[in-house]
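Asks: A single structure is presented below for examination.
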Amino acid sequence: MPTIEGKQARVWIDAYVKKAGTLEGVTKAVRALVKKTVKGGEEYVNPWKIPSFDSNGPLCCFMVGKEHVTFAFMRGAALPDPEKLLEGTGKGVRHVKLQSVAEVKRPGVKKLIAEAAKLNRKDPPSGMMVGMEKRKAKARNR
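My numbering numbers the first residue of the sequence shown as 1 and each following residue consecutively.
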């Protein structure tokens, strides 16, 4: 189990979610949807203290803002997005801004998660994310 600040990642993320105030329900819904959609995925906290998910490589993450939760996909630029939910212009990362549990429950959000996991299975990301080697070493030594 990945750790941060001496705590299991799950425990650290639980505390992060509790601090989300009015967006706590949105963060809980995002976590539950990713866990349900990506069987065998791993929840961890990246080096920038952002709750993240891994499935054959970095998959997605979420950050709590003042008015919405930013749900980002590491390889979002490569994902099909027929509902035009994704925002951003970066080389790879794209995000969806979620303000309510109803927005998390849109079919397009689940489809993006499933497509991201499918892309990572078919073509695992090359290159190394910061902190990835340490996390993999800890997992091997469990």
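Glycine residues also receive a C-beta, built at the ideal position from the N, C-alpha and C atoms.
#1: Evaluate the contact criterion for the stretch 74-93 versus the stretch 15-22: three or more CB pairs, one atom per stretch, below 8 Å.
#2: Using CA coordinates, which residue listed in L119, D123, L85 is at the minimum distance from P107?
#3: Should A114 go down as buried or exposed, given a rule of 16 or more other Cβ atoms within 10 Å for buried?
#4: Ignore the nearest five residues each way along the sequence and tell me which others in E5's own chain have a CB closer than 7 Å to its CB.
#5: Leaving out five residues on either side along the sequence, give the residues of the same chain with a beta carbon under 8 Å from the beta carbon of T37.
#6: Which word fits D54, buried or exposed, when buried means at least 16 other C-beta atoms lie within 10 angstroms of its C-beta?
#7: Name, in chain order, the residues that DSSP records as bridge partners for R121.
#8: Using C-beta distances below 6 Å, list every residue in its chain close to P124, excluding the 5 sequence neighbours before and after it, in chain order.
Replies: According to the structure data:
#1: Below 8 Å, too few C-beta pairs join the stretch 74-93 and the stretch 15-22 to call them touching: fewer than three.
#2: One-based indexing of the sequence shown puts residue 107 at position 107. Considering only alpha carbons, the answer is L85.
#3: Against the sequence shown, residue 114 aligns to sequence position 114. When all chains shown are included, A114 counts as exposed.
#4: Taking the first residue of the sequence shown as 1, we reach residue 5 at position 5. So the list reads W12, once near-sequence residues are dropped.
#5: On the sequence shown, residue 37 is found 37 positions in, with the first residue counted as 1. Excluding sequence neighbours, T37 sits near K110, I113, A114, A117.
#6: For the purposes of this step, residue 54 is identified with residue 54 of the sequence shown, where counting begins at 1. Around the C-beta of D54, 16 or more other C-beta atoms lie within 10 Å, and the residue is accordingly described as buried.
#7: Along the sequence shown, read from residue 1 onward, the residue named residue 121 stands at position 121. Under DSSP, no beta-bridge partner is assigned to R121.
#8: Within the sequence shown, residue 124 is the residue found at index 124, counting from 1. Same-chain partners within the cutoff: N56, G57.
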